[in-house]
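So the working numbering is basically just the index in the sequence shown, starting at one, shifted up by 28. Quick reminder that beta carbons are idealized off the backbone N, C-alpha and C, glycines included. Being a predicted model, the structure only gives us computed values, none of them experimental.
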Amino acid sequence: ATAAALTDQWVWPPHFPAAPESYDAVLTSFDATAQAVLHALANVGEGRLFATVPFMAGPKQPADVRVIDVMWFMLMDAVHHRGQFSIYLRMVGAKVPSIYGPSSDEPWG
């Protein structure tokens, strides 16, 4: 979705691909998506960042949102979910890796 917003291929409501059938397929999809975003970022013009796309403004409330704001939303959403994952790891007794810097399980010094 992020690369689509950067390359004028945005579709609303979003069309989600089928769930990957294996862990290897998840990794392949993640890598392909990451490369598509990096490529789009390297080639985007400033004008596109300030263009608008329909995006969620609230429950069942799409609104025109600047592409750069969609990018920030996606980044902060990823940060949020990584934080959630670290809580889940703690809850099941697993160690928390140093995702945002040192953790009590993986100190840096």
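Which residues does DSSP pair with residue i in a beta bridge?
i	result
residue 84	90
Sort the options by Cα distance to residue i and report the nearest one.
i	options	result
residue 40	132, 68, 91	91
residue 130	121, 114, 119, 120	114
residue 82	52, 47, 93	93
residue 121	127, 133, 110	133
Helix, strand or coil for residue i, going by three-state DSSP, please let me know.
i	result
residue 136	coil
residue 75	helix
residue 67	helix
Measure the beta-carbon distance from residue i to residue j and round it to whole angstroms, keeping in mind my assumption that it falls under 8 Å.
i	j	result
residue 96	residue 66	Not confirmed; about 17 Å, so no contact.
residue 99	residue 30	6 Å
Just to confirm my understanding: we take residue i, look at its own chain, exclude 5 residues before and 5 after, and list those with CB closer than 8 Å. What are they?
i	result
residue 80	92, 93, 94, 95
residue 42	29
residue 117	123, 124
Near residue i, what residues of its chain come up, given a Cβ to Cβ distance below 6 Å and the 5 sequence neighbours on each side ignored?
i	result
residue 55	none
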